[in-house]
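S.K.: Going by the UniProt record's numbering, the letters in the sequence shown line up with residues 1 to 866, in that order. C-beta: ideal position from N, C-alpha, C; glycine also. This structure is in structure tokens; I'll ask about it shortly.
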Amino acid sequence: MPPSKRLAFSLNPLWAHYVSLGCVLLGIVVGLVRYSLLDHFDPLHCGALLSEGSWLDQNFKNWQPEGCMLHSYQPKDVSACLSNQQEVVFVGDSVTRKLFFQMANLVDSKLPTTPPDDDHKHSDYRLHSSSGIQLSFYWDPFLNATQTYNRLNSYNGRGSTTQRPPHGRPALLVLGSGLWYLRYADSSGGLPAWEITVENILETIARGRFKPADEVVLLPIEEVVMSKLSQPRATTMRLSDIDAMNSDLFHRINPPSGSALNLFYPREPSMPISFPLVFNRMLDASQTDDGLHFSDSLVRLQANVLLNLRCNDVLPKKFPMDKTCCRSYPWPSPLHFIVVAAVVLWGPYALALTWQQGSKSFGASLLSSEQMPAVIISASLGLIYLADRTGFWLKEQKQFDPWAFASLSIASLGVGLATVKRSDKDLGFLNREQTDEWKGWMQIAILIYHYFGASKISGIYNPIRALVAAYLFMTGYGHTTFYVKKADFGFLRVAQVMIRLNLFTVFLAYVMNTDYLSYYFTPLVSMWFLIIWVTMYIGSQYNDRTVFLVCKILVSMGLVTWFMSEPWLLEGLFEFLERFCNIQWSAREWGFRVNLDLWIVYVGMFAALAVIKAREHRLMDHPQWAFGVKVATMLSGVIMVWFFAFELMQPSKFVYNAWQPYISFLPILAFVVLRNANPVLRSASSRAFAFIGTCSLETFIIQFHLWLAADTKGVLLIIPGTRWRPVNMILTTIVFIYVSHRVAQATGDITAWICGTTKKSLPTIADPPPTSAGRSSGSAVETIPLTSSSDGHVRKDNDDNVLPPEPETPIRPVRRWADRLAEGSSPPSTRGFRLWYGEKEWTPGVKAKVAIGLGVMWFLNVIWPS
Numbered sequence: 001m002p003p004s005k006r007l008a009f010s011l012n013p014l015w016a017h018y019v020s021l022g023c024v025l026l027g028i029v030v031g032l033v034r035y036s037l038l039d040h041f042d043p044l045h046c047g048a049l050l051s052e053g054s055w056l057d058q059n060f061k062n063w064q065p066e067g068c069m070l071h072s073y074q075p076k077d078v079s080a081c082l083s084n085q086q087e088v089v090f091v092g093d094s095v096t097r098k099l100f101f102q103m104a105n106l107v108d109s110k111l112p113t114t115p116p117d118d119d120h121k122h123s124d125y126r127l128h129s130s131s132g133i134q135l136s137f138y139w140d141p142f143l144n145a146t147q148t149y150n151r152l153n154s155y156n157g158r159g160s161t162t163q164r165p166p167h168g169r170p171a172l173l174v175l176g177s178g179l180w181y182l183r184y185a186d187s188s189g190g191l192p193a194w195e196i197t198v199e200n201i202l203e204t205i206a207r208g209r210f211k212p213a214d215e216v217v218l219l220p221i222e223e224v225v226m227s228k229l230s231q232p233r234a235t236t237m238r239l240s241d242i243d244a245m246n247s248d249l250f251h252r253i254n255p256p257s258g259s260a261l262n263l264f265y266p267r268e269p270s271m272p273i274s275f276p277l278v279f280n281r282m283l284d285a286s287q288t289d290d291g292l293h294f295s296d297s298l299v300r301l302q303a304n305v306l307l308n309l310r311c312n313d314v315l316p317k318k319f320p321m322d323k324t325c326c327r328s329y330p331w332p333s334p335l336h337f338i339v340v341a342a343v344v345l346w347g348p349y350a351l352a353l354t355w356q357q358g359s360k361s362f363g364a365s366l367l368s369s370e371q372m373p374a375v376i377i378s379a380s381l382g383l384i385y386l387a388d389r390t391g392f393w394l395k396e397q398k399q400f401d402p403w404a405f406a407s408l409s410i411a412s413l414g415v416g417l418a419t420v421k422r423s424d425k426d427l428g429f430l431n432r433e434q435t436d437e438w439k440g441w442m443q444i445a446i447l448i449y450h451y452f453g454a455s456k457i458s459g460i461y462n463p464i465r466a467l468v469a470a471y472l473f474m475t476g477y478g479h480t481t482f483y484v485k486k487a488d489f490g491f492l493r494v495a496q497v498m499i500r501l502n503l504f505t506v507f508l509a510y511v512m513n514t515d516y517l518s519y520y521f522t523p524l525v526s527m528w529f530l531i532i533w534v535t536m537y538i539g540s541q542y543n544d545r546t547v548f549l550v551c552k553i554l555v556s557m558g559l560v561t562w563f564m565s566e567p568w569l570l571e572g573l574f575e576f577l578e579r580f581c582n583i584q585w586s587a588r589e590w591g592f593r594v595n596l597d598l599w600i601v602y603v604g605m606f607a608a609l610a611v612i613k614a615r616e617h618r619l620m621d622h623p624q625w626a627f628g629v630k631v632a633t634m635l636s637g638v639i640m641v642w643f644f645a646f647e648l649m650q651p652s653k654f655v656y657n658a659w660q661p662y663i664s665f666l667p668i669l670a671f672v673v674l675r676n677a678n679p680v681l682r683s684a685s686s687r688a689f690a691f692i693g694t695c696s697l698e699t700f701i702i703q704f705h706l707w708l709a710a711d712t713k714g715v716l717l718i719i720p721g722t723r724w725r726p727v728n729m730i731l732t733t734i735v736f737i738y739v740s741h742r743v744a745q746a747t748g749d750i751t752a753w754i755c756g757t758t759k760k761s762l763p764t765i766a767d768p769p770p771t772s773a774g775r776s777s778g779s780a781v782e783t784i785p786l787t788s789s790s791d792g793h794v795r796k797d798n799d800d801n802v803l804p805p806e807p808e809t810p811i812r813p814v815r816r817w818a819d820r821l822a823e824g825s826s827p828p829s830t831r832g833f834r835l836w837y838g839e840k841e842w843t844p845g846v847k848a849k850v851a852i853g854l855g856v857m858w859f860l861n862v863i864w865p866s
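What follows is the structure in structure tokens.
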């Protein structure tokens with residue numbers, strides 16, 4: 001027999017790209033199908049709000065309507081909603097009365113939650129909130145009183161010729177009855193009498209020219225808990241009767257339709273009445289003592305559902321878009337529309353021009369075009385806008401699940417450890433691979449923290465605060481190292497760093513019509529970079545004098561501390577920006593962000609100075625160095641144990657926040673010492689964590705809209721259905737990481753064009769690697785050297801051993817692009833992103849480009865609608 005041939009199998013090195021792109025396309029297709037078909041019958045999710053939902057927690061605190069987000073109403077929200085209609089009316093039995101008092105307490109926390117006197121509980125009540133809203137309850141358990149019908153007829157508009165509803169009608173009318181017909185069937189007439197009453201009420205409302213209120217709600221008959229009912233009630237109140245009554249009500253309000261799609265999704269009622277059948281789904285036997293009246297907290301959530309029904313589409317539609325039930329997304333203003341269209345069409349337009357003037361096919365142009373970064377930015381911003389400013393994909397509320405949180409954290413740690421790689425040599429203190437890894441695992445921890453809404457858990461919030469401080473520590477460390485070693489204080493370097501940090505964030509702020517400071521990490525790092533630059537620039541000719549440099553850093557530290565301790569200074573600055581630039585920032589919020597980590601950047605600066613001086617004086621060769629390392633390692637371990645014990649003992653995160661500026665440097669420095677304790681640790685790094693670290697800035701910013709949703713207030717669902725959340729998390733994570741990675745690359749390319757520098761060769765998806773095993777995802781980018789000595793030679797020690805590269809700026813993409821570009825010797829390139837095409841092309845310099853950009857932003861801010 002001939003020898004059998006071995007089957008050769010080689011995985012395409014671009015498999016991750018194709019899988020990720022496939023997930024993006026799958027999400028778009030699923031969203032298009034759902035948005036076109038299912039949302040046609042319930043575009044605002046009012047039907048889902050009234051009929052579908054589930055509890056996300058076991059304490060019955062977080063009710064989740066199917067596919068949309070509830071808003072937790074506060075008195076100021078209700079006041080804004082009901083400012084023109086000053087009355088809310090409830091009519092019905094004791095169940096309706098309990099709902100009334102919980103609604104009243106939502107409107108004004110000073111109003112009672114129960115009847116003040118049990119002897120007069122079968123009475124009418126009229127309450128007035130501090131904002132002037134009147135809340136009325138009329139006791140009518142059979143809904144057959146004359147005043148009830150008078151109220152239904154008072155605003156029906158019969159005999160009127162006007163086409164507008166009458167002024168002064170109630171904002172909300174809630175009717176509830178049914179159980180008394182069962183409890184007192186002998187005297188009330190039972191179910192036949194109830195049917196007649198319901199028919200009369202519905203007919204009265206349907207006949208009217210206008211509704212008796214802006215929103216009319218007919219409550220379902222409450223499902224009782226038979227095991228907890230008293231004997232007289234249990235004898236007469238039967239669940240079979242209650243089910244029959246609710247079924248009758250539902251079909252009267254929602255007559256059957258021949259459309260097959262209505263079998264799968266709720267439709268708008270044919271009568272102008274809302275029927276919150278979901279109220280019965282919210283009930284649980286553990287929340288009632290008598291089987292009939294449920295806990296205040298549960299009924300309060302039912303009242304909140306009614307406010308979402310009535311008010312969500314009335315409240316101002318501005319950032320953050322954190323309420324999506326029964327609410328349409330706002331149409332962009334003309335200026336906003338122009339900005340969105342210009343940004344989204346920028347990439348395709350540039351690509352089309354390149355294709356028309358070239359000889360390649362469109363597909364080849366797409367893969368190899370120099371306009372590809374513009375295409376990526378445009379496509380990413382369009383996708384983000386589609387995700388979080390339209391109903392294309394669903395949004396739901398966050399819920400902290402300790403088991404899911406722990407499992408995902410452990411799984412992420414496992415992936416990180418499984419992808420650890422070892423170098424053949426000692427890479428040095430805080431080397432590039434290590435800082436990428438550090439940023440990567442910290443970013444993963446922050447993402448998981450945000451996804452599950454763990455900020456309410458003090459024991460998790462506190463160490464996450466330390467991670468944010470660690471980013472700022474690396475900012476101080478990296479930039480100080482650069483300025484001490486390179487002494488490049490020119491405008492080009494500043495422009496490279498600031499553009500790389502802010503380009504996509506600024507695009508996002510305009511496209512999403514949000515506040516730049518809401519993406520707080522970008523402005524925070526940008527502010528500290530400018531402070532570091534000014535600090536190092538002033539008297540830079542004396543930076544080689546250690547005492548002078550230390551004193552200069554201390555003076556900067558004192559000035560910044562004084563500035564942030566005087567609120568009027570920051571308020572004055574922001575008032576100036578508002579007056580002359582129409583920039584409306586919150587000085588209080590920004591002061592909180594800065595003061596939380598007020599000194600950690602300076603700790604990073606001092607750490608950089610200490611490392612540089614230690615190398616200059618060759619302290620590592622001292623006989624006692626090994627002993628000092630052992631002592632520092634032991635002390636660092638003790639500090640880490642102390643920190644976690646300390647933060648867990650804090651009674652709340654607010655108490656910990658007061659300690660944060662004073663102690664955050666301890667766990668950070670301890671981690672640095674432990675991570676660099678020996679050559680084995682310094683030479684090992686996780687590829688998975690490092691990959692995330694290379695796009696950590698983008699993941700931090702894009703998560704606001706594409707992984708999370710509703711401006712971080714919720715989570716994004718590509719596949720509809722709360723039960724599919726685990727699948728959605730996997731799918732959205734792939735899309736989110738892929739988009740972030742591509743945006744990081746594209747932003748670096750665009751930064752290179754703006755700054756007029758030549759980008760060294762970077763592999764793209766069109767450039768195949770040398771071998772199938774030659775690189776892993778993202779590794780090609782990591783292998784590009786970013787730092788070189790000033791004379792262009794490889795750094796070596798006295799024994800002619802190659803020294804590791806200098807440590808880098810904490811925001812990896814900034815260091816990757818800005819420093820490499822600033823140090824490159826190639827002349828400015830005339831190719832790249834062209835402003836226009838013609839025989840003569842004007843190529844502005846970096847200062848002109850920056851000035852044009854700032855001018856355009858100022859003009860947009862001034863004319864931007866409030």
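For valine 225, which option in Ile754, Leu218, Leu292 has the closest C-alpha, if you only look at C-alpha atoms?
M.R.: Start at 1 with the first residue of the sequence shown, and residue 225 comes out as number 225. Checking every option, the nearest Cα to that of valine 225 belongs to Leu292.
S.K.: Return the residue from the list Val743, Pro679, Leu596 that minimises the CA-CA distance to threonine 694.
M.R.: Numbered from its first residue, the sequence shown carries residue 694 at position 694. The option with the nearest alpha carbon to threonine 694 is Val743.
S.K.: How many angstroms separate the CA atom of phenylalanine 507 from the CA atom of threonine 747?
M.R.: Indexing the sequence shown from 1 puts residue 507 at position 507. Indexing the sequence shown from 1 puts residue 747 at position 747. In a straight line, the C-alpha of phenylalanine 507 is about 11 Å away from that of threonine 747.
S.K.: If you compare alpha carbons, which of Gly208, Leu351, Pro192, Pro212 is closest to residue 870?
M.R.: The shown model of the chain, from 1 to 866, leaves out residue 870, and the question about it has no answer.
S.K.: Excluding the 5 residues flanking methionine 536 on each side, which residues of the same chain have their C-beta closer than 6 Å to its C-beta?
M.R.: Your numbering for residue 536 matches position 536 in the sequence shown. Taken in chain order, the residues that qualify are Tyr483.
S.K.: For lysine 121, which residues in the same chain have their Cβ closer than 7 Å to its Cβ, ignoring the five residues on either side in sequence?
M.R.: Within the sequence shown, the letter at position 121 stands for residue 121. Taken in chain order, the residues that qualify are Pro115.
S.K.: Could you have a look at leucine 14 and say whether DSSP puts it in helix, strand or coil?
M.R.: As a working note, residue 14 is residue 14 in the sequence shown. Looking at leucine 14 - three-state DSSP - the assignment turns out to be coil, as it is neither helix nor strand.
S.K.: Are the CB atoms of phenylalanine 521 and glycine 453 within a distance shorter than 8 Å?
M.R.: For the purposes of this step, residue 453 is identified with residue 453 of the sequence shown, where counting begins at 1. For the purposes of this step, residue 521 is identified with residue 521 of the sequence shown, where counting begins at 1. Their beta carbons are not under 8 Å apart, which means glycine 453 does not touch phenylalanine 521 by this criterion.
S.K.: Report yes or no: do the segment 389 to 409 and the segment 426 to 438 share at least 3 C-beta pairs separated by less than 8 Å?
M.R.: no
S.K.: Is aspartate 241 a contact residue of the ligand SAM, with contact defined as CB to any heavy atom under 7 Å?
M.R.: No copy of the ligand SAM occurs in the structure displayed, which carries no ligand at all.
S.K.: Using the C-alpha atoms, what's the distance from glutamine 371 back to leucine 351?
M.R.: In the sequence shown, the residue the question calls residue 351 occupies position 351. In the sequence shown, the residue the question calls residue 371 occupies position 371. Rounded to the nearest angstrom, the two C-alpha atoms are 6 Å apart.
S.K.: With distances taken from CA atoms, which of Pro332, Gly67, Leu106, Ser696 is nearest glycine 440?
M.R.: For the purposes of this step, residue 440 is identified with residue 440 of the sequence shown, where counting begins at 1. When only C-alpha atoms are compared, the closest one is Ser696.
S.K.: Can you tell me which of the three DSSP states valine 856 falls into?
M.R.: Here residue 856 is taken as the residue at index 856 of the sequence shown, counted from 1. Helix at valine 856.
S.K.: Going by C-alpha to C-alpha distance, which of Gln231, Asp140, Ser227, Asn280 sits closest to serine 247?
M.R.: Counting from 1 along the sequence shown, the entry for residue 247 is found at position 247. Of Gln231, Asp140, Ser227, Asn280, the residue nearest in Cα terms is Asn280.
S.K.: From Ser297, Val19, Met245, Glu52, pick the residue whose C-alpha is nearest to that of proline 720; which is it?
M.R.: Translated into the one-based positions of the sequence shown, residue 720 becomes position 720. Ranking the options by Cα distance to proline 720, first place goes to Glu52.
S.K.: Between which two residues does the beta strand (DSSP E) harbouring serine 54 extend?
M.R.: For this step, residue 54 is matched to residue 54 along the sequence shown. Looking at the DSSP string, the run of the beta strand (DSSP E) that includes serine 54 is 53 to 55.
S.K.: Grab the span of the alpha helix (DSSP H) containing histidine 450 for me, first residue to last.
M.R.: Reading the sequence shown from its first residue, position 450 is the one you call residue 450. Its alpha helix (DSSP H) spans residues 432 to 451.
S.K.: Can you tell which of Leu143, Pro65, Gln650, Ile663 has its C-alpha closest to the C-alpha of glycine 92?
M.R.: For the purposes of this step, residue 92 is taken as residue 92 along the sequence shown, with counting starting at 1. Out of Leu143, Pro65, Gln650, Ile663, Leu143 has the C-alpha closest to the C-alpha of glycine 92.
S.K.: Look up arginine 277 in the DSSP assignment and say whether it is helix, strand or coil.
M.R.: To locate residue 277, count along the sequence shown from 1; it is residue 277. In the sequence as displayed, the identity of residue 277 is leucine instead of arginine. In the structure shown, leucine 277 sits in coil (DSSP, three-state: anything other than H, G, I, E or B).
S.K.: I want to know whether the segment 45 to 62 touches the segment 22 to 35 - three or more CB-CB distances under 8 Å.
M.R.: no
S.K.: So for lysine 317, helix, strand or coil by DSSP?
M.R.: As a position in the sequence shown, residue 317 is number 317, starting the count at 1. Reduced to three states, the DSSP call for lysine 317 is coil.
S.K.: Exposed or buried, which one is tyrosine 662 when buried takes at least 16 other CB atoms within 10 Å?
M.R.: Translated into positions along the sequence shown, residue 662 becomes position 662. Its Cβ having fewer than 16 others within 10 Å, tyrosine 662 is exposed.
S.K.: May I have the straight-line CA-CA distance separating asparagine 676 from methionine 649, to the nearest angstrom?
M.R.: In the sequence shown, residue 676 corresponds to position 676, counting from 1. In the sequence shown, residue 649 corresponds to position 649, counting from 1. Each residue's alpha carbon lies about 29 Å from the other.
S.K.: Could you give the C-beta distance for isoleucine 701 and phenylalanine 504, rounded to a whole number, given that I count them as a contact under 8 Å?
M.R.: Along the sequence shown, one-based indexing puts residue 701 at 701. Along the sequence shown, one-based indexing puts residue 504 at 504. Yes, isoleucine 701 and phenylalanine 504 are in contact; Cβ-Cβ is about 7 Å, under 8 Å.
S.K.: Where leucine 669 and serine 636 are concerned, what is the direct C-alpha to C-alpha distance, given to the nearest angstrom?
M.R.: The count along the sequence shown starts at 1 and reaches residue 669 at position 669. The count along the sequence shown starts at 1 and reaches residue 636 at position 636. C-alpha separation (whole angstroms): 8 Å.
S.K.: Taking the alpha carbon of tyrosine 656 as the point to measure from, which residue in Lys456, Gln397, Thr732, Phe491 has its own alpha carbon closest?
M.R.: Sequence index remark: in the sequence shown, residue 656 carries index 656 (1-based). Taking only the C-alpha atoms, the option nearest tyrosine 656 is Lys456.
S.K.: Apart from the five residues on each side of it in sequence, which residues of its chain come closer than 6 Å, Cβ to Cβ, to aspartate 749?
M.R.: Counting from 1 along the sequence shown, the entry for residue 749 is found at position 749. Only Pro373 meet the Cβ criterion.
S.K.: List the endpoints of the continuous beta strand (DSSP E) containing histidine 128.
M.R.: Stepping through the sequence shown from its first residue, residue 128 is reached at position 128. Here the beta strand (DSSP E) through histidine 128 covers 125 to 128.
S.K.: Would threonine 235 be called buried (16 or more neighbouring beta carbons within 10 Å of its own) or exposed?
M.R.: Working through the sequence shown from its first residue, we reach residue 235 at position 235. Exposed.
S.K.: Would you check if the distance between the CB atom of phenylalanine 137 and the CB atom of aspartate 124 is smaller than 8 Å?
M.R.: Taking the sequence shown and counting its residues from 1, the one referred to as residue 137 is at position 137. Taking the sequence shown and counting its residues from 1, the one referred to as residue 124 is at position 124. Cβ distance < 8 Å, so phenylalanine 137 and aspartate 124 count as in contact.
S.K.: Taking the C-alpha atoms as reference points, what is the distance between arginine 588 and valine 468?
M.R.: The sequence position of residue 588 within the sequence shown is 588, counting from 1. The sequence position of residue 468 within the sequence shown is 468, counting from 1. If I take the Cα positions, the gap works out to 19 Å.
S.K.: Tell me the DSSP secondary structure of glycine 176 in three-state form.
M.R.: Start at 1 with the first residue of the sequence shown, and residue 176 comes out as number 176. The answer is strand: DSSP assigns glycine 176 an E or B state.
S.K.: Hey, would you say isoleucine 553 sits closer than 8 Å to phenylalanine 606, going by beta carbons?
M.R.: For the purposes of this step, residue 553 is taken as the residue at position 553 of the sequence shown. For the purposes of this step, residue 606 is taken as the residue at position 606 of the sequence shown. It is a contact, given that the beta carbons lie within the stated cut-off.
S.K.: Does the separation of the CB atoms of isoleucine 464 and alanine 487 fall below 8 Å?
M.R.: Taking the sequence shown and counting its residues from 1, one reaches residue 464 at position 464. Taking the sequence shown and counting its residues from 1, one reaches residue 487 at position 487. No, the Cβ-Cβ distance between isoleucine 464 and alanine 487 is not below 8 Å.
S.K.: By the 10 Å Cβ neighbour count, where 16 or more other Cβ atoms means buried, how is aspartate 544 classified, buried or exposed?
M.R.: In the sequence shown, counting from the first residue as 1, residue 544 sits at position 544. When all chains shown are included, aspartate 544 counts as exposed.
S.K.: Which value, in whole angstroms, describes the spacing of the CA atoms of valine 375 and tyrosine 385?
M.R.: Numbered from 1 along the sequence shown, position 375 holds the residue referred to as residue 375. Numbered from 1 along the sequence shown, position 385 holds the residue referred to as residue 385. The C-alpha of valine 375 lies about 15 Å from the C-alpha of tyrosine 385.
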